[in-house]
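Below is one structure; the comments refer to it alone.
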Amino acid sequence: MVNQKPLVTSLYDLTPQEMESFFLSIGEKRYRAKQVLDFLYHHPVGKIDEMTTLPGSLRKRLSETVRLIPLDLRTTVESSDGTIKHAYEVQDKARNKALLESVWMPADKTDVSGLKDGKNLKSGSDKAKRFTLCISSQLGCAAGCSFCATGALGLKGQLTTGEIVYQVVHSLALYERLPDTVLFMGMGEPMHNFEAVSAAIEILTHPDGLGLSQRRIVISTSGELERLGATHRKFPKIRLAISLNAATDALRSKIMPVNKKFNLKAIAAFISSLDANRRDKVTLEYVVLAGVNDSPDHVKKLSGYLKPITRNVKVNLIPYNPVKGSKYKTPPHKTVLSIQQKLIEIGVSTFIRKNRGREAMAACGQLGGK
Ligand code: SAH
Ligand code: SF4
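The working numbering puts the sequence shown at residues 100 to 469.
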């Protein structure tokens with residue numbers, strides 16, 4: 100994997116522990132870390148100079164050596180369904196300008212199911228509304244899934260920890276609140292940028308960071324099970340999602356090259372190995388591709404595959420979102436409904452993901468940095 104080194108470290112790159120080490124390393128007192136973290140995650144400011152509890156000399160020194168905000172918002176595009184796509188300018192691994200995208204949207208039922216506390220809800224008109232933020236972990240993606248716009252870009256670069264974290268922090272400035280759920284389902288395969296994603300989760304969930312409960316975070320992987328297992332051991336309450344997308348190895352290998360490494364059997368074994376008493380089921384995503392994986396025969400095979408693991412999973416059916424130049428087609432809604440019906444019949448909780456943000460090319464699999 101390519102590991103892009105940022106030109107200058109942003110304060111948002113550092114975990115709370117790294118922040119302490121940083122201040123100690125420059126001869127400052129340990130408590131400076133807490134003061135800075137409080138600004139970063141609880142009272143975000145636009146400039147280091149606005150961190151008024153720090154002495155002027157320290158503010159000057161920091162301003163000269165580290166960056167504060169690692170992302171530059173370029174555009175926001177809103178769809179009529181309330182979905183808002185943000186495009187941020189960053190540098191790719193060749194140091195060219197590139198865009199990374201995040202999507203703010205009214206929450207889907209599956210995003211917030213099981214979340215009881217209203218910790219992030221502010222009073223006013225948004226009180227009853229729940230919001231989900233879908234964030235990116237890479238510029239492009241190397242996994243090469245044949246139906247995905249991000250995959251078509253190839254890997255253009257890794258995001259730094261700060262670039263991942265700031266997508267979430269920025270909602271405080273944009274929407275005066277944090278999202279109820281953070282989905283690692285934007286551009287990229289999070290498990291291909293493992294170190295930066297782990298550090299980002301640490302910051303998002305640490306009490307001295309954003310302090311989100313782990314259950315508010317969903318990691319979606321195309322099937323990098325070894326690293327998903329490691330993430331699960333480190334953050335046991337994080338919700339896990341795996342993109343299944345096919346019920347035979349022949350088809351899955353054809354549309355998702357990762358299947359040659361971690362196939363259907365490996366996915367079922369991984370899911371069965373998780374603590375059966377876990378409150379959260381693993382979400383299996385199934386992009387429904389007309390004429391490819393939606394025939395009665397495929398659905399029968401899918402049911403057969405899910406039967407031994409019905410109690411440990413829920414399924415999210417995602418009707419294919421059109422990608423320019425792609426050969427795939429969106430299935431008729433009634434096909435998707437009938438798949439849902441069949442899976443419910445065998446006892447699998449099955450949801451159909453709304454095609455949020457299609458107009459803004461902000462729906463699943465449509466993020467292509469344009
Ligand atoms: N790389 C991770 C997360 C980002 S993709 C992963 O693959 O899981 C998020 C979801 O979008 C995945 O479930 C993926 O299968 C789905 N997806 C990709 N392209 C799509 C498309 N064109 N239409 C609908 N869903 C798509
Ligand atoms: Fe990468 Fe996920 Fe797209 Fe596959 S579906 S190419 S893993 S972003």
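Note that the Cβ used here is the ideal one computed from N, Cα and C, for glycine as well.
These figures come from a predicted structure and were not determined experimentally.
- prompt: With respect to 7 Å, is the separation between the Cβ of Gly253 and the closest non-hydrogen atom of ligand 1 below this value?
  reply: no
query: Buried or exposed: where does Thr231 fall if 16 or more other Cβ atoms within 10 Å of its Cβ makes it buried?
result: buried
field: Cβ-heavy atom distance, Ala345 to ligand 2, below 7 Å
entry: no
- prompt: Between Ser342 and ligand 2, is the CB less than 7 Å from at least one heavy atom?
  reply: yes
field: Contact test: Cys233 Cβ vs ligand 2 heavy atom, cutoff 7 Å
entry: no
Distance between Glu200 and Arg457 (C-alpha atoms, nearest Å): 14 Å
message: Assuming Ala298 and Thr164 are in contact, meaning their beta carbons sit under 8 Å apart, how far apart are those beta carbons, in whole angstroms?
response: Not a contact, Cβ separation roughly 20 Å.
- prompt: Which value, in whole angstroms, describes the spacing of the CA atoms of Phe121 and Lys364?
  reply: 45 Å
query: For the stretch 151-181, which segments carrying the beta strand (DSSP E) assignment without a break, of at least 3 residues, lie completely within its bounds, in sequence order?
result: 171-177
Closest by C-alpha distance to Ala241, when choosing among Asn292, Ile300, Ala462: Asn292
field: Buried or exposed (CB count within 10 angstroms, at least 16 for buried), Gln440
entry: exposed
task: Would you give the residue range spanned by the beta strand (DSSP E) that Phe369 belongs to?
output: Segment 363-372 is the alpha helix (DSSP H) holding Phe369; no beta strand (DSSP E) there.
message: Assuming contact is defined by CB atoms lying nearer than 8 Å, are Val398 and Ile417 in contact in what I supplied?
response: no
- request: Kindly examine ligand 1 and report whether one of its heavy atoms sits closer than 7 Å to the Cβ of Met284.
  value: yes
task: Taking Ile147 as part of the beta strand (DSSP E), name the residues at either end of that continuous run.
output: Premise fails: Ile147 is in no beta strand (DSSP E) and is neither H nor E.
query: Using the beta-carbon count (16 or more within 10 Å), is Lys380 buried or exposed?
result: buried
query: So does Asn358 have its beta carbon nearer than 7 Å to some heavy atom of ligand 1?
result: no
Buried or exposed (CB count within 10 angstroms, at least 16 for buried), Gly145: exposed
- request: Could you name the residues that DSSP lists as bridge partners for Thr280?
  value: Thr231
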